[in-house]
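2 protein chains.
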Amino acid sequence: MTITAEQLVEQLQSLLGADHARSGGDLTAWEEDWRQLAKGKALAVVSPASTAEVAAVVQACLAAKESGLNVSIVPQGGNTGLVLGGTPDASGLQVVVSLKRMQAVRAFDKQNLSMTVEAGCILQNLQNLAAEQGLLFPLSLAAEGSCVIGGNLATNAGGTQVVRYGNTRDLCLGIEMVNAKGEIWNGLSGLRKNNTGYDLRHLMIGSEGTLGIITAATLKLYPQPAATTCAWLAVDTLDHAVELLALAQQQLASGLTGFEAMEQDALKLVEKHMPHMRMPIDASTGAAFILLEYSDDESEDRARARLEGLLEAAFEAGLLTDGAVAQNLDQAQKMWDIREHITLAQAAEGLHLKHDISVPSSSIPAFVRKAKEELAKVLPDARVINFGHLGDGNLHFNVQAPEGANPREFVDTCQQTAEQAIYDVVASFGGSFSAEHGVGRLKRHDLAHYKDPVALGMMRAIKGALDPLNLFNPHALLPDA
Amino acid sequence: MTITAEQLVEQLQSLLGADHARSGGDLTAWEEDWRQLAKGKALAVVSPASTAEVAAVVQACLAAKESGLNVSIVPQGGNTGLVLGGTPDASGLQVVVSLKRMQAVRAFDKQNLSMTVEAGCILQNLQNLAAEQGLLFPLSLAAEGSCVIGGNLATNAGGTQVVRYGNTRDLCLGIEMVNAKGEIWNGLSGLRKNNTGYDLRHLMIGSEGTLGIITAATLKLYPQPAATTCAWLAVDTLDHAVELLALAQQQLASGLTGFEAMEQDALKLVEKHMPHMRMPIDASTGAAFILLEYSDDESEDRARARLEGLLEAAFEAGLLTDGAVAQNLDQAQKMWDIREHITLAQAAEGLHLKHDISVPSSSIPAFVRKAKEELAKVLPDARVINFGHLGDGNLHFNVQAPEGANPREFVDTCQQTAEQAIYDVVASFGGSFSAEHGVGRLKRHDLAHYKDPVALGMMRAIKGALDPLNLFNPHALLPDA
Numbered sequence: 016m017t018i019t020a021e022q023l024v025e026q027l028q029s030l031l032g033a034d035h036a037r038s039g040g041d042l043t044a045w046e047e048d049w050r051q052l053a054k055g056k057a058l059a060v061v062s063p064a065s066t067a068e069v070a071a072v073v074q075a076c077l078a079a080k081e082s083g084l085n086v087s088i089v090p091q092g093g094n095t096g097l098v099l100g101g102t103p104d105a106s107g108l109q110v111v112v113s114l115k116r117m118q119a120v121r122a123f124d125k126q127n128l129s130m131t132v133e134a135g136c137i138l139q140n141l142q143n144l145a146a147e148q149g150l151l152f153p154l155s156l157a158a159e160g161s162c163v164i165g166g167n168l169a170t171n172a173g174g175t176q177v178v179r180y181g182n183t184r185d186l187c188l189g190i191e192m193v194n195a196k197g198e199i200w201n202g203l204s205g206l207r208k209n210n211t212g213y214d215l216r217h218l219m220i221g222s223e224g225t226l227g228i229i230t231a232a233t234l235k236l237y238p239q240p241a242a243t244t245c246a247w248l249a250v251d252t253l254d255h256a257v258e259l260l261a262l263a264q265q266q267l268a269s270g271l272t273g274f275e276a277m278e279q280d281a282l283k284l285v286e287k288h289m290p291h292m293r294m295p296i297d298a299s300t301g302a303a304f305i306l307l308e309y310s311d312d313e314s315e316d317r318a319r320a321r322l323e324g325l326l327e328a329a330f331e332a333g334l335l336t337d338g339a340v341a342q343n344l345d346q347a348q349k350m351w352d353i354r355e356h357i358t359l360a361q362a363a364e365g366l367h368l369k370h371d372i373s374v375p376s377s378s379i380p381a382f383v384r385k386a387k388e389e390l391a392k393v394l395p396d397a398r399v400i401n402f403g404h405l406g407d408g409n410l411h412f413n414v415q416a417p418e419g420a421n422p423r424e425f426v427d428t429c430q431q432t433a434e435q436a437i438y439d440v441v442a443s444f445g446g447s448f449s450a451e452h453g454v455g456r457l458k459r460h461d462l463a464h465y466k467d468p469v470a471l472g473m474m475r476a477i478k479g480a481l482d483p484l485n486l487f488n489p490h491a492l493l494p495d496a
Numbered sequence: 016m017t018i019t020a021e022q023l024v025e026q027l028q029s030l031l032g033a034d035h036a037r038s039g040g041d042l043t044a045w046e047e048d049w050r051q052l053a054k055g056k057a058l059a060v061v062s063p064a065s066t067a068e069v070a071a072v073v074q075a076c077l078a079a080k081e082s083g084l085n086v087s088i089v090p091q092g093g094n095t096g097l098v099l100g101g102t103p104d105a106s107g108l109q110v111v112v113s114l115k116r117m118q119a120v121r122a123f124d125k126q127n128l129s130m131t132v133e134a135g136c137i138l139q140n141l142q143n144l145a146a147e148q149g150l151l152f153p154l155s156l157a158a159e160g161s162c163v164i165g166g167n168l169a170t171n172a173g174g175t176q177v178v179r180y181g182n183t184r185d186l187c188l189g190i191e192m193v194n195a196k197g198e199i200w201n202g203l204s205g206l207r208k209n210n211t212g213y214d215l216r217h218l219m220i221g222s223e224g225t226l227g228i229i230t231a232a233t234l235k236l237y238p239q240p241a242a243t244t245c246a247w248l249a250v251d252t253l254d255h256a257v258e259l260l261a262l263a264q265q266q267l268a269s270g271l272t273g274f275e276a277m278e279q280d281a282l283k284l285v286e287k288h289m290p291h292m293r294m295p296i297d298a299s300t301g302a303a304f305i306l307l308e309y310s311d312d313e314s315e316d317r318a319r320a321r322l323e324g325l326l327e328a329a330f331e332a333g334l335l336t337d338g339a340v341a342q343n344l345d346q347a348q349k350m351w352d353i354r355e356h357i358t359l360a361q362a363a364e365g366l367h368l369k370h371d372i373s374v375p376s377s378s379i380p381a382f383v384r385k386a387k388e389e390l391a392k393v394l395p396d397a398r399v400i401n402f403g404h405l406g407d408g409n410l411h412f413n414v415q416a417p418e419g420a421n422p423r424e425f426v427d428t429c430q431q432t433a434e435q436a437i438y439d440v441v442a443s444f445g446g447s448f449s450a451e452h453g454v455g456r457l458k459r460h461d462l463a464h465y466k467d468p469v470a471l472g473m474m475r476a477i478k479g480a481l482d483p484l485n486l487f488n489p490h491a492l493l494p495d496a
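Chains as they are written, first to last, in our numbering: chain A, 16 to 496; chain B, 16 to 496.
Structure, rendered in structure tokens:
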């Protein structure tokens, strides 16, 4: 006999207590993504406090689904995603499983350079925890004050330190998860080497809640650098920016911990909306600007000397037109602030289109030229706001409405046109239409269009094998067949 | 109607030419593993020259299998594996697909720090290719003169530089493969970031030829260090060795590129069988010895100064009883030679048992004590020859027959007893019974016994989904259900 939605909610409430299994009332905080792109309607929002409770929730939902109720589960972390991967649709038949109550630090192994933490730990808290022990957890991104590690893992988050430390997957030694049978797999591990079968950890990381729920992870730690310093550099072409990147990688090696690029128009937008922010170099004087971060494992003096050595070589090679070195941590922080305010300046300018793309870094200049050219053919007055993690070949190639146009109208009518123009160029360079944000519900049609069909077929086979009833996040990531 | 074995061989010969699809005659080079543990009987050994030819071979075998012939495919690289993952069984019904003719370098992108190469490229050739361009491909292991990158990827090979650069999977940006439908997936990519669905690359890497055939890969390159230097250090306990590791990681950070440990008995065996090799420090004077490699991104002088700084601090902390620093590259090479001769000395001493285990590095001392204790209970006179990649928590905890005993008899009668004693202790420390060698046909029973059953269930589901007819390497990795 079919379990009804009401019966399932009652069951979830009896498992977790009514406070932690809510249905009805104002659930906006879980039903709407933070960018307010879409508000769904959840059957319930549940907040388990342990892995066993997560498993019990999955088992209850699975039993209901097997009985005929068309229920599904949307795992949610800090709800800071950008692609609608963690919020429910409007059906009223999805159970949001929030991991935010699972915040325990289960182990901290200083000698092994690892820590085991639960999925609901806020990223910034983990950074601080490592720092208190004189160590570094290098994952760093704009949402770090509210995103949680479970979400970082489910989406394989990137951020600003990828050029040195890799993406979230590269920082994870092992995971604990609940699969679609409601079974717990304890794959937590402080091991650096373990060749005993398929790497389920890497399969789960980046699967956006469609194959299981990550409940805990063992994470890599690094020694804290002795000193970190920054420079703000003007270049007259992106070709020079890419040559500078190669030079920096050669000279600074693993000391190169950040390499962000911003085209002039992106900084002009910051100047317009945040006039109090002082540019280290007049934004009118360069086609693009680089925020370069160097971390030294020895001393402040050496950090400065090494950075200055690089800049000298870069000036000599004709790669730079101007440059400013941060004289202290405060100045370095201000440089990062400008970089991070581009997103806010874009928001202040009005609704716009975000494109989180990647190509091999060597192709960046040619890609940008071609993408602007193609975009201009179809949307001649649209404004490209281009910036991003050049060191990883990852650009936020965003598009703002023409000067004076209505932003909402522009977004509504031009989104598809812009995406197709840009993503076609991305594809022609062997690039990705989603470098670090993921696919979620927002970019499923892009996946259908741009993903290699053989890869898509294998992805579908894996989903069908591990989640045959499509219990986990059925409307995210994989396009409908 | 069933395609006969003879018909399949004819078909393969017409696809590749008789020279490249051999059946009958002496095929020992492909049928026997290099350690001569087992010699199988292949239906055919085929050597495709291109990805299209690999796909055609898979399609032919698939059609034969679908018609009722119980054929299967064993992908083979350099045939240097240690666990019988790349050689056929005795059935005469397996087609060995050797990748060794696919040796093209398809692209070398210096600016993107990547190269795209075919599966049959010999590892050492790739190291040399990178070096000629002033770059580093850091994968390094004993078999590098004959192993090929396809096999390194299929087994996620480790080696001596893992402490700094990670395992093979960490050095791979993308792969091209042929799946069990005979389809080609071109997932070659110079991208550092690409969040568009399940990470098929990481699923394939380490799957030991059971999910598909890797035909090419895009690999990460690094700047060459400016200088590399080594020290040979004596410690009186493994506890001190692990404390030294932590100190080295703190002081040298990413400059620590090697951290090998060898217990006294391992070096005594080298002294016995290779009396011409000169130990940097009398092996009688320490319980264990560390070969520490440091790479500097600036200069030879700084390399020496940083290494000496570390040793000073380690002596002060009472971690070292003696130490020798290589005065030149030749001395450094001699230190590595001793380390690498342990395996040969073991072979010279006679047949023995190999255990390639890992635990968190912080647990190494307690693990070694406990494992020796448990082994002594069941095999009181067996000799432990313990050495390995301590920086990765990976030990080759090998066992030699008692002094004077018949080695073959010892191996035949005591293998299971030794394995169980040691692997049970490994499991109690959350460790792995196969850190870097893989599972193959040799350790399937260990996988059945020690792998978490939930993980094993998910692995089986994935295998069933991607290779429903069990076409690829059916007797390797996954235990029979």
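Ideal Cβ placement from N, Cα and C applies to all residues, glycine included.
Cut-off 8 Å between Cβ atoms - residues of its own chain near residue i, not counting five sequence neighbours on either side
{"i": "MET130(B)", "result": "VAL120, ALA122, PHE123, ASP124, LEU141, LEU144, ALA145, PHE152, THR233, LEU234, LEU236"}
{"i": "ALA442(A)", "result": "PHE448, TYR465"}
{"i": "ASP396(A)", "result": "PRO417, GLU418, ALA420"}
Cutoff 7 Å; reference residue i; Cβ partners in own chain excluding five residues on either side
{"i": "LEU267(A)", "result": "TYR309, ARG321, LEU325"}
{"i": "ASN171(A)", "result": "ASN182, THR183, ARG184, ILE220, GLY221"}
{"i": "HIS288(B)", "result": "ALA360, ALA363, GLU364"}
{"i": "ALA496(A)", "result": "ARG475"}
Contact under 8 Å by Cβ, residue i with residue j
{"i": "PHE444(B)", "j": "PHE382(B)", "result": "yes"}
{"i": "GLY93(B)", "j": "CYS136(B)", "result": "no"}
{"i": "VAL469(A)", "j": "ASN194(B)", "result": "yes"}
{"i": "GLN176(B)", "j": "GLY96(B)", "result": "no"}
{"i": "PHE304(A)", "j": "TRP247(A)", "result": "yes"}
{"i": "ALA231(B)", "j": "ALA134(B)", "result": "yes"}
{"i": "SER269(A)", "j": "SER269(B)", "result": "yes"}
{"i": "ALA261(A)", "j": "LEU271(A)", "result": "no"}
{"i": "ALA328(B)", "j": "ALA480(A)", "result": "no"}
{"i": "VAL72(B)", "j": "VAL112(B)", "result": "yes"}
{"i": "LEU457(A)", "j": "VAL98(A)", "result": "yes"}
As assigned by DSSP and simplified to three states, the class of residue i
{"i": "VAL98(B)", "result": "coil"}
{"i": "PHE487(B)", "result": "strand"}
{"i": "LYS54(B)", "result": "strand"}
{"i": "GLY165(B)", "result": "helix"}
{"i": "PHE425(A)", "result": "helix"}
{"i": "ASN201(B)", "result": "strand"}
DSSP beta-bridge partners of residue i
{"i": "HIS411(A)", "result": "ASP371(A), PHE402(A)"}
{"i": "ARG37(A)", "result": "VAL60(A)"}
{"i": "SER29(B)", "result": "Paired residues: none, contrary to the question."}
{"i": "VAL69(A)", "result": "In DSSP, VAL69(A) forms no bridge with anything."}
Below-8 Å beta-carbon distance, residue i vs any chain A residue
{"i": "ASN485(B)", "result": "no"}
{"i": "GLN265(B)", "result": "yes"}
{"i": "VAL454(B)", "result": "yes"}
{"i": "ALA480(B)", "result": "yes"}
{"i": "LYS466(B)", "result": "yes"}
{"i": "GLY165(B)", "result": "no"}
{"i": "MET294(B)", "result": "no"}
Chain B contact for residue i (CB, 8 Å cutoff)
{"i": "ILE229(A)", "result": "no"}
{"i": "PRO494(A)", "result": "no"}
Same chain only: Cβ atoms within 6 Å of residue i, ignoring 5 sequence neighbours per side
{"i": "GLU159(B)", "result": "LEU138, GLN139"}
Tell me which residues of the stretch 199-216 of chain A have at least one Cβ-Cβ distance to chain D shorter than 9 Å, keeping chain order.
Reference to chain D is not applicable here, since the protein chains of this structure are A and B.
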